[in-house]
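As structure tokens, the structure follows; a few thoughts come after it.
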Ligand code: HEC
Ligand code: HEC
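Structure follows, in structure tokens:
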């Protein structure tokens, strides 16, 4: 009758046969009864299992190290500052990038890379990247339709809020300032492919952009309409516009208008990417 050996003496027998050791005197009677072929087969099976284990260990170690080189992975370098999925918040300074027109985002990335806009950490990240890659990165963030945070609380006096609203929605013909909505869309959510929306941006960021245009730290394609407008607006206009814009709720659809208006209210080089 077949009586299985207990594991330890069996493995010892396997080891002996594997190493070619004949230790008949020390082998038990049961071990002596074992045929060499099953012993060798077991030894080989053990070797195979051992090698497979090593391979599995090695490959799981490399899998843990190798980070997939996807755009989403690379975008993590951006979302550290721009918030998860590029959402940002109305508090703080860093602007939202999610869901903005792709042409606009790509133009900004080229501007940071080439020095028409200034942000050292970003310029360092972008300096070695080609236009095609920047366009891909821009497309990635443009496609993210993620919720906006609540608008900032009202600021300023009633008179300054009225001034802000008037400049945005009607402009000031006497000073040759067109309504902002004539270019940025009546819903203020931007216009495809290259005009950004004006809502959901931090107030301080809005004020800083006008400062940057006035001082030449930010430049867009010529004729640079925003740089010209920044010169025509007084500091109190800029504060009023920024306060009012930052406090506006987002409309139900936050997407940019799909088509540009039939005419632009003034010459503007960056209305197309
Ligand atoms: C160190 C923080 C930081 C990192 C990292 C960073 N950004 Fe920025 N980003 C900023 C700040 C601050 C601004 C606003 C700069 C200014 O005042 O003009 C900005 C502005 C932008 C703008 C312009 C937005 C607009 O509405 O005009 C885009 C687009 C942008 N970043 C994309 C990216 C992308 C893509 C990455 C990753 C490759 C990235 N950023 C990484 C801080 C950062
Ligand atoms: C003639 C068209 C035109 C008018 C009018 C106009 N804009 Fe713009 N605006 C643009 C374009 C084009 C850009 C993108 C510039 C670039 O590529 O850097 C822009 C960009 C901006 C930005 C940068 C947004 C960001 O995310 O960094 C702000 C802020 C802005 N405009 C505010 C205003 C305000 C406020 C008014 C009204 C006082 C106004 N604009 C009127 C065309 C216009």
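Numbering (the working numbering), first residue to last: 596 to 868. Virtual Cβ for every residue (Gly too), placed ideally from N, Cα, C. Given the structure is predicted, the values throughout are model-derived calculations rather than measurements.
Residue 815 beta carbon near ligand 1 (any heavy atom closer than 6 angstroms): Looking up residue 815 in the chain shown gives position 220. Residue 815: no, Cβ never under 6 angstroms from ligand 1.
Spatial distance of residue 647 from residue 689 (CA atoms): Numbered from 1 along the chain shown, position 52 holds the residue referred to as residue 647. Numbered from 1 along the chain shown, position 94 holds the residue referred to as residue 689. Cα to Cα, residue 647 sits roughly 50 angstroms from residue 689.
Any non-hydrogen atom of ligand 1 within 6 angstroms of residue 791 CB: By 1-based counting over the chain shown, the position of residue 791 is 196. At least one heavy atom of ligand 1 is nearer than 6 angstroms to the Cβ of residue 791, so yes.
Supposed contact pair residue 711 and residue 813 - C-beta distance, whole angstroms, cut 8 angstroms: In the chain shown, counting from the first residue as 1, residue 813 sits at position 218. In the chain shown, counting from the first residue as 1, residue 711 sits at position 116. Contact check for residue 813 and residue 711: beta-carbon distance about 7 angstroms, within the 8 angstroms limit, so the pair qualifies.
Buried/exposed call for residue 596, threshold 16 Cβ in 10 Å: For the purposes of this step, residue 596 is taken as residue 1 along the chain shown, with counting starting at 1. For residue 596, the pLDDT reaches just 46, beneath the cut-off of 50, and the residue's location in the model is therefore unreliable, leaving the point undetermined.
Nearest candidate by alpha-carbon position, reference residue 731, set 753, 697, 797: Translated into positions along the chain shown, residue 731 becomes position 136. The shortest C-alpha to C-alpha distance from residue 731 to any of 753, 697, 797 is the one to 697.
In DSSP terms, what residue 767 is bridged to: The residue labelled residue 767 in the question sits at position 172 within the chain shown. Answer is 772.
Limits of the alpha helix (DSSP H) - the one that residue 783 falls within: The residue you call residue 783 lines up with position 188 of the chain shown. Counting along the chain, no alpha helix (DSSP H) covers residue 783, and no H or E run does either.
Cβ contact (3+ pairs, closer than 8 angstroms) linking the stretch 794-801 and the stretch 741-749: Flag = yes, the stretch 794-801 and the stretch 741-749 touch.
Near ligand 1: residue 673 beta-carbon under 6 angstroms from a heavy atom: Reading the chain shown from its first residue, position 78 is the one you call residue 673. Yes, the Cβ of residue 673 comes within 6 angstroms of a heavy atom of ligand 1.
Distance CB(residue 753)-CB(residue 851) smaller than 7 angstroms: Residue mapping note: residue 753 aligns to position 158 of the chain shown, counting from 1. Residue mapping note: residue 851 aligns to position 256 of the chain shown, counting from 1. Taking a C-beta distance under 7 angstroms as the contact criterion, residue 753 and residue 851 do not qualify as a contact pair.
Closer than 6 angstroms: residue 676 CB and nearest ligand 1 heavy atom: As a working note, residue 676 is residue 81 in the chain shown. Yes, ligand 1 has a heavy atom inside 6 angstroms of this Cβ.
Beta-carbon proximity list for residue 843, same chain, < 8 angstroms, skipping 5 on both sides: In the chain shown, the residue the question calls residue 843 occupies position 248. If we look at residue 843 and ignore the five residues flanking it on each side, its Cβ neighbours are 746, 783, 794.
Residue 790 - partner residues in DSSP beta bridges: Locating residue 790 in the chain shown gives position 195, counting from the first residue. Paired residues: 786.
Among 673, 683, 777, nearest to residue 764 - alpha-carbon criterion: The residue labelled residue 764 in the question sits at position 169 within the chain shown. The residue from 673, 683, 777 with its alpha-carbon nearest to that of residue 764 is 777.
Contact test: residue 648 Cβ vs ligand 1 heavy atom, cutoff 6 angstroms: To locate residue 648, count along the chain shown from 1; it is residue 53. It does not: the Cβ of residue 648 is nowhere closer than 6 angstroms to a heavy atom of ligand 1.
Where residue 861 sits in the DSSP three-state scheme: Residue 861 sits at position 266 when you count from the first residue of the chain shown. In the three-state reduction of the DSSP assignment, residue 861 falls in the coil class, being assigned neither a helical nor a strand state.
The alpha helix (DSSP H) enclosing residue 848, as first and last residue numbers: Position 253 of the chain shown, counted from the first residue, corresponds to residue 848. Where residue 848 is concerned, there is no enclosing alpha helix (DSSP H), given that its DSSP letter is neither H nor E.
Environment of residue 819 [buried if 16+ CB atoms lie within 10 Å]: Sequence index remark: in the chain shown, residue 819 carries index 224 (1-based). The residue is buried, with at least 16 neighbouring Cβ atoms inside 10 Å.
Check: residue 833 C-beta below 6 angstroms from any heavy atom of ligand 1: As a working mapping, residue 833 is identified with position 238 in the chain shown. Result no, Cβ not under 6 angstroms from ligand 1.
Simplified DSSP assignment, three categories, for residue 822: By one-based count along the chain shown, residue 822 stands at place 227. Three-state result, residue 822: helix.
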